[in-house]
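Enquirer: Right, I'll just put the structure down here and ask away after.
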Amino acid sequence: MQSLWSLKIDWTDELPSERAKEWHRFLEDFDSVRSICIGRCIVHPQATRVELHGFADASEKCYGAVIYCRSQSPDGTTTVKLVTSKSRVAPVKSVTMPRLELCAAVLLAKLIKRVETALQMKTPPVYLWSDSTIVLAWIQKEPNLLKTFVANRVATIQHLTNAEQWHHVSSEQNPADLVSRGLDPSSLLNNSLWWNGPKFLTTKDFPEKNTLSSVTDNDEFNCEFKSNAKHCVNLNLTNSTFMTDLLNISNKYTKIIRMLSFIFRFIANCRGEKRRGPLDVQEINQAEVTLIRIVQLQEFKKDIMSLKENNRVSVCAEGLIKSLDSFLDKDGVLRVGGRLCNSDLNLECKFPVILPCNHKLTNLIVEYFHLKYFHLGPQALLYQVRQRFWPLRGRNVCRKIVHDCLVCFKVNK
Numbered sequence: 001m002q003s004l005w006s007l008k009i010d011w012t013d014e015l016p017s018e019r020a021k022e023w024h025r026f027l028e029d030f031d032s033v034r035s036i037c038i039g040r041c042i043v044h045p046q047a048t049r050v051e052l053h054g055f056a057d058a059s060e061k062c063y064g065a066v067i068y069c070r071s072q073s074p075d076g077t078t079t080v081k082l083v084t085s086k087s088r089v090a091p092v093k094s095v096t097m098p099r100l101e102l103c104a105a106v107l108l109a110k111l112i113k114r115v116e117t118a119l120q121m122k123t124p125p126v127y128l129w130s131d132s133t134i135v136l137a138w139i140q141k142e143p144n145l146l147k148t149f150v151a152n153r154v155a156t157i158q159h160l161t162n163a164e165q166w167h168h169v170s171s172e173q174n175p176a177d178l179v180s181r182g183l184d185p186s187s188l189l190n191n192s193l194w195w196n197g198p199k200f201l202t203t204k205d206f207p208e209k210n211t212l213s214s215v216t217d218n219d220e221f222n223c224e225f226k227s228n229a230k231h232c233v234n235l236n237l238t239n240s241t242f243m244t245d246l247l248n249i250s251n252k253y254t255k256i257i258r259m260l261s262f263i264f265r266f267i268a269n270c271r272g273e274k275r276r277g278p279l280d281v282q283e284i285n286q287a288e289v290t291l292i293r294i295v296q297l298q299e300f301k302k303d304i305m306s307l308k309e310n311n312r313v314s315v316c317a318e319g320l321i322k323s324l325d326s327f328l329d330k331d332g333v334l335r336v337g338g339r340l341c342n343s344d345l346n347l348e349c350k351f352p353v354i355l356p357c358n359h360k361l362t363n364l365i366v367e368y369f370h371l372k373y374f375h376l377g378p379q380a381l382l383y384q385v386r387q388r389f390w391p392l393r394g395r396n397v398c399r400k401i402v403h404d405c406l407v408c409f410k411v412n413k
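If you're matching positions, the sequence shown starts at 1 in the working numbering and goes up one per residue.
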């Protein structure tokens, strides 16, 4: 159907002779499906050990996955039964073979989760097999090191499965190869590899160790890694012109964050795969963290440098934040410390972000909370702000925001 669609012929047009022959050949072969019988029982009734084995493979036309159940009886007999399989047509747009193999691995990871849920077994041992050493090597890597296409799929695989579950299998012993390349029903009928899996599943010397080979010199493997240069905005923090201009563009905190998010996206698009559409949560959070970190470094430079060098608050430079038991989180953001670390509150409530007093960013954030919660008074406003932020001299800041609010002034007049 995909090949017919690519011809862009009308519904009323006759098929080309070659395509028509292929279609008639398919109909003739399809009649052999009547001869195929599939047993319902997949697990030995008295099995002492049950394992799930999944295989993935891809070709230029198709990629797919197949899963088998391997059970051992008390007398040592091993039974291997086909559980399920799934296939997808390869995209019309040209995709490299390693990427197609990775798509097959994602399909297998999703399929194995569905099988585990359907069989309702108590965490059976799972073994996942691929004949692509490049894909197996990608799965062992951190997604943030890889380019977007590969990173997203590796993250999905790592979320659904464990990297230790993935093993290498030769192409000759991979039953998913039959899925990716296709097989007519008459040939499938007596195909032992398809119905019972590779022979090593029934032997006592079942290979449990991952036989992954090194692929670090492979160009197809290395080309999917991000360049060593970090994708970030290089700002001259000693010159506050950029930050001043950015904060003066708008009086709305959310608008400034969105503008900075699009700046980051533009830079990333210039250096890698293009991202379009609405901003996601990760992009907005990145912009907010970056904006706060830059402002903090401008206002609390001595304190932050002292924390980085000594890693102890007690030797922190003198300043307004000394009494707050402050520390730097993993993103380099200055936060309030204290005894709430053992509480059940979320991170932002336990360790609010420190904001400088008399700064445009602090005023914008407090004003944002004032409008969000329908013009709260100073005390209630400070409570809401401190769920995420800790503005220095916060009471004075909140009083000023409420005092300067025209809506509150008209109502209280």
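Glycine residues also receive a C-beta, built at the ideal position from the N, C-alpha and C atoms.
Could you tell me the distance, in whole angstroms, from the CA atom of Gln120 to the CA atom of Thr96?
Expert: 37 Å
Enquirer: Classify Tyr373 as helix, strand or coil using the three-state DSSP reduction.
Expert: coil
Enquirer: Quick check: what's the CA-CA separation for Leu246 versus Val92?
Expert: 44 Å
Enquirer: Pull up the DSSP beta-bridge partners for His168, would you.
Expert: DSSP lists Ser130 as the beta-bridge partner residues of His168.
Enquirer: Should Pro352 be labelled buried (16 or more other beta-carbon atoms within 10 Å of its own) or exposed?
Expert: With 16 or more other Cβ atoms inside 10 Å of its own Cβ, Pro352 counts as buried.
Enquirer: Is the segment 79 to 93 touching the segment 163 to 174, taking contact as three or more C-beta pairs under 8 Å?
Expert: No, they do not touch.
Enquirer: Can you tell me whether Leu103 is helix, strand or coil according to DSSP?
Expert: The question names Leu, but residue 103 is Cys in the sequence shown. Note: Cys103 maps to helix in three-state DSSP.
Enquirer: Excluding the five sequence neighbours on either side, which residues of its own chain have a C-beta within less than 6 Å of the C-beta of Asp331, listed in chain order?
Expert: Its chain contains Val289 as the residues whose beta carbon lies nearer than 6 Å to that of Asp331, once the 5 sequence neighbours on both sides are disregarded; these appear in chain order.
Enquirer: Relative to the C-alpha of Glu51, which residue among Arg393, Arg25, Val80 and Tyr63 is closest?
Expert: Val80
Enquirer: With a floor of 4 residues, list each alpha helix (DSSP H) that falls wholly inside the segment 230 to 300, ordered by position along the chain.
Expert: 241 to 249, 253 to 271 and 281 to 299
Enquirer: Please state the DSSP three-state secondary structure of His403.
Expert: helix
Enquirer: Do you know offhand how far Leu102's Cα is from Asn251's?
Expert: 46 Å
Enquirer: I'd like to confirm something about Ile9: is its beta-carbon nearer than 6 Å to some heavy atom of the ligand SAM, or not?
Expert: The model on display carries no ligand, and the ligand SAM is accordingly not part of it.
Enquirer: So what does DSSP say about Glu142, is it helix, strand or coil?
Expert: coil
Enquirer: With a 10 Å radius around its C-beta and 16 neighbouring C-beta atoms as the bar for buried, classify Asn363 as buried or exposed.
Expert: By the Cβ-count criterion, Asn363 is buried, with 16 or more other Cβ atoms from all chains shown falling within 10 Å of its own Cβ.
Enquirer: Between Thr388 and the rest of its own chain, which residues show a CB-CB distance below 7 Å, the 5 nearest in sequence each way excluded?
Expert: Residue identity check: residue 388 is Arg in the sequence provided, not Thr. Same-chain partners within the cutoff: Glu348, Pro352 and Val353.
Enquirer: Under the three-state reduction of DSSP, which class applies to Gly332: helix, strand or coil?
Expert: The answer is coil: DSSP assigns Gly332 none of H, G, I, E or B.
Enquirer: Just confirm the distance between the C-beta atoms of Val385 and Val366, as a whole number of angstroms; I'd bet it's less than 8 Å.
Expert: Contact between Val385 and Val366 holds: CB atoms are separated by about 6 Å, below the 8 Å threshold.
Enquirer: Name, in chain order, the residues that DSSP records as bridge partners for Asp57.
Expert: Beta-bridge pairing by DSSP links Asp57 to Gly64.
Enquirer: Between Asp75 and Trp195, what straight-line distance do the alpha-carbon atoms span, to the nearest angstrom?
Expert: 23 Å
Enquirer: Just verifying my parser: in three-state terms, what is the DSSP assignment at Glu224?
Expert: coil
Enquirer: Identify every residue that forms a DSSP beta bridge with Cys69.
Expert: DSSP lists Leu52 and Lys81 as partners of Cys69.
Enquirer: Could you give the distance in angstroms between the alpha-carbon of Thr84 and the alpha-carbon of Glu14?
Expert: Cα to Cα, the separation comes out at about 37 Å.
Enquirer: Over the uninterrupted alpha helix (DSSP H) stretch that includes Ile157, give me the two end residues.
Expert: Thr148 to Leu160
Enquirer: Closest by CA to Arg40, which one among Glu18, Ser17 and Cys69?
Expert: Of Glu18, Ser17 and Cys69, the residue nearest in Cα terms is Cys69.
Enquirer: Buried or exposed for Cys398, please, with buried defined as at least 16 other CB atoms from any protein chain shown within 10 angstroms of its CB.
Expert: Per the 10 Å Cβ criterion, buried.
Enquirer: Glu299 to Arg258, Cα distance in whole Å?
Expert: For Glu299 and Arg258, the distance between alpha carbons rounds to 23 Å.
Enquirer: Rounded to whole angstroms, how far is the Cβ of Ser32 from the Cβ of Leu193, which I believe are closer than 8 Å?
Expert: Not confirmed; about 18 Å, so no contact.
Enquirer: Would you say Leu328 and Leu307 are within 7 Å of each other, going by their C-beta atoms?
Expert: yes
Enquirer: Leaving out five residues before and five after Leu136 in sequence, what residues of the same chain have Cβ atoms less than 7 Å from its Cβ?
Expert: Exclusion of the five residues before and after Leu136 leaves Ser130, Trp166, His168 and Leu212 as the residues of its chain whose Cβ lies within less than 7 Å of its Cβ.
Enquirer: Since Val421 is in the beta strand (DSSP E), which residue starts that stretch and which ends it?
Expert: Residue 421 lies beyond the residue range present for the chain, which begins at 1 and ends at 413; the question has no answer from this structure.
Enquirer: Checking 7 Å against the spacing of the C-beta atoms, do Lys86 and Leu160 come in under that value?
Expert: no
Enquirer: Which stretch, first to last residue, makes up the alpha helix (DSSP H) that contains Pro198?
Expert: Run containing Pro198: none; DSSP gives neither H nor E here.
Enquirer: Exposed or buried, which one is Pro125 when buried takes at least 16 other CB atoms within 10 Å?
Expert: Pro125 is exposed by the Cβ-count criterion.
Enquirer: Would you kindly work out how many angstroms separate the C-alpha atoms of Asp177 and Phe200, rounded to a whole number?
Expert: Cα to Cα, Asp177 sits roughly 16 Å from Phe200.
Enquirer: Mapping DSSP to helix, strand and coil, what is Arg386?
Expert: coil
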